[in-house]
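So the number in our numbering is just where the residue sits in the sequence shown, counting from 1, plus 2. A virtual CB, placed ideally from N, CA and C, is assigned to each residue, including glycine. Worksheet for the structure shown next.
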Amino acid sequence: MDLGIKGRRAIVCASSKGLGRACAMALANEGVHVTVTARGAEALAKTAADIRKANPGVTVTEVAGDITTPAGREAVLKACPDPDILVNNAGGPPPGDFRNWTRDDWIKALDANMLTPIELIRATVDGMMARKFGRIVNITSAAVKAPIEVLGLSNGARSGLTGFVAGVARKTVINNVTINALLPGPFDTDRLRGPVAKVDAEKRGITVDQLLAERARLNPAGRFGDPEEFGLACAFLCGAKAGFITGQNILLDGGAFPGTM
Ligand code: NAP
Numbered sequence: 003m004d005l006g007i008k009g010r011r012a013i014v015c016a017s018s019k020g021l022g023r024a025c026a027m028a029l030a031n032e033g034v035h036v037t038v039t040a041r042g043a044e045a046l047a048k049t050a051a052d053i054r055k056a057n058p059g060v061t062v063t064e065v066a067g068d069i070t071t072p073a074g075r076e077a078v079l080k081a082c083p084d085p086d087i088l089v090n091n092a093g094g095p096p097p098g099d100f101r102n103w104t105r106d107d108w109i110k111a112l113d114a115n116m117l118t119p120i121e122l123i124r125a126t127v128d129g130m131m132a133r134k135f136g137r138i139v140n141i142t143s144a145a146v147k148a149p150i151e152v153l154g155l156s157n158g159a160r161s162g163l164t165g166f167v168a169g170v171a172r173k174t175v176i177n178n179v180t181i182n183a184l185l186p187g188p189f190d191t192d193r194l195r196g197p198v199a200k201v202d203a204e205k206r207g208i209t210v211d212q213l214l215a216e217r218a219r220l221n222p223a224g225r226f227g228d229p230e231e232f233g234l235a236c237a238f239l240c241g242a243k244a245g246f247i248t249g250q251n252i253l254l255d256g257g258a259f260p261g262t263m
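In structure tokens form, the structure reads like this:
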């Protein structure tokens, strides 16, 4: 299926690894020129090289920096001032007990998972509307639909972004600019093996591998998601014919969320 976005320009934030990388690769596979970002320059250079190798006709621009800082965002927007597509992403906040979180912890989570996407939307959406094409995809989390207790910082910050976007997405679509969120359940990335799994495994006196094997088995799909599946869903939402989908929160979790809707 040709998604009709060949030659478009995309910013894909936090994309040297995991879900962001899969989104950048899927967009490049559609002929989209991509600007990729991450803090670690080495992994970013490797990802950029992999995308170029798979898609020699596509321009891949790397911007190393922290997307949650004004300087990081400025650098990305300088490299790609008029994107047609914006994929918002950043690392998730750490797990913990809300009793221990300070105001600074909250500000950091809000900066990363709410205010950074809002700042990037603010910087790009008017240009998209003037050009009558724009696709914005926010990578949030299944935690927006079903909160994960130890990830209160994530539950709160991402829900704030979701509420904000629900309003704006209905105002931009008149000019063929859509804003949607993809809500990952468990995907097989480094993040899955990170602090949340470690804390859980320690609590239960089992290894991280044992914990993850059990989690995969208990998912209705009997496995974790493959980041490539996530990237393809993102590319579809960015497609020329996806202009009637806006303000939606699409769960990719193998059916783990037990609700009817
Ligand atoms: P990942 O595999 O750990 O990859 C994270 C990517 O983001 C890396 O390229 C990392 O590179 C980059 N990054 C992190 N913080 C950044 C920052 N401040 N500025 C620029 N780049 C940054 O994580 P993932 O699994 O793809 O997760 C992506 C998002 O989805 C996270 O917010 C995560 O919480 C959320 N999520 C994931 C899952 C899952 O199962 N995987 C489930 C629910 C929600 P550097 O470290 O070099 O910057």
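#1: Write down the C-beta distance between residue 15 and residue 53 rounded to the nearest angstrom, noting that I regard them as a contact closer than 8 Å.
#2: Locate the beta strand (DSSP E) running through residue 197, then write down its first and last residues.
#3: Assuming residue 115 contacts residue 159 under a Cβ cut-off of 8 Å, what Cβ separation, rounded to an integer in Å, is found between them?
#4: Taking DSSP as the reference, what is the three-state secondary structure of residue 11?
#5: Where does residue 94 land, buried or exposed, given buried means 16+ other C-beta within 10 angstroms?
#6: Could you name the residues of the same chain whose beta carbon sits closer than 6 Å to that of residue 142, not counting the 5 residues immediately before and after it, in chain order?
#7: Of all the beta strand (DSSP E) runs that stay within the bounds of the stretch 50 to 107, which reach a length of 3 or more residues?
#8: How about the stretch 163 to 170 and the stretch 203 to 212: do they share at least three Cβ pairs that are nearer than 8 Å?
#9: For residue 189, I'd like the list of residues in its chain whose CB is within less than 7 Å of its CB, leaving aside the five on either flank, ordered along the chain.
#10: Short of 6 Å in beta carbon distance, which residues of its chain neighbour residue 153, apart from the five on each side in sequence? Order them along the chain.
#11: Please say whether residue 253 and residue 162 have beta carbons closer to each other than 8 Å?
#12: How would you write the range of the alpha helix (DSSP H) that residue 167 sits in, first residue to last?
#13: Short check: CB of residue 13 to CB of residue 88, under 8 Å?
#14: Enumerate in chain order the residues of its own chain whose CB-to-CB distance from residue 203 is below 8 Å, with the five nearest sequence positions on each side excluded.
#15: Please classify residue 220 as buried or exposed, where buried requires at least 16 neighbouring CB atoms within 10 angstroms.
#16: To which residues does DSSP link residue 186 through a beta bridge?
Quick answer:
#1: Not quite, the Cβ-Cβ distance comes to about 15 Å (not below 8 Å), so this is no contact.
#2: That residue, residue 197, is in no beta strand (DSSP E); its alpha helix (DSSP H) goes 197 to 206.
#3: Residue 115 to residue 159, Cβ: 4 Å. Contact.
#4: Residue 11 falls in the strand class under three-state DSSP.
#5: In the assembly as shown, residue 94 is a buried residue. Its beta-carbon has 16 or more other beta-carbons within 10 Å.
#6: The answer, listed in chain order, is 160, 183, 185.
#7: With a minimum length of 3 residues, the continuous beta strand (DSSP E) runs that stay inside the stretch 50 to 107 are 62 to 66, 87 to 90.
#8: By the C-beta criterion, the stretch 163 to 170 is judged not to be in contact with the stretch 203 to 212, since fewer than 3 inter-stretch pairs fall below 8 Å.
#9: Once the five neighbours on either side are set aside, the close Cβ partners of residue 189 are 21, 226, 227, 229, 232.
#10: Once the five neighbours on either side are set aside, the close Cβ partners of residue 153 are 97, 145.
#11: No, these two residues do not count as a Cβ contact at 8 Å.
#12: Counting along the chain, the unbroken alpha helix (DSSP H) around residue 167 starts and ends at 154 to 174.
#13: For residue 13 and residue 88, yes; Cβs fall inside 8 Å.
#14: So the qualifying residues of the chain are 209, 210, 212, 213.
#15: When all chains shown are included, residue 220 counts as exposed.
#16: 254, per the DSSP bridge assignment.
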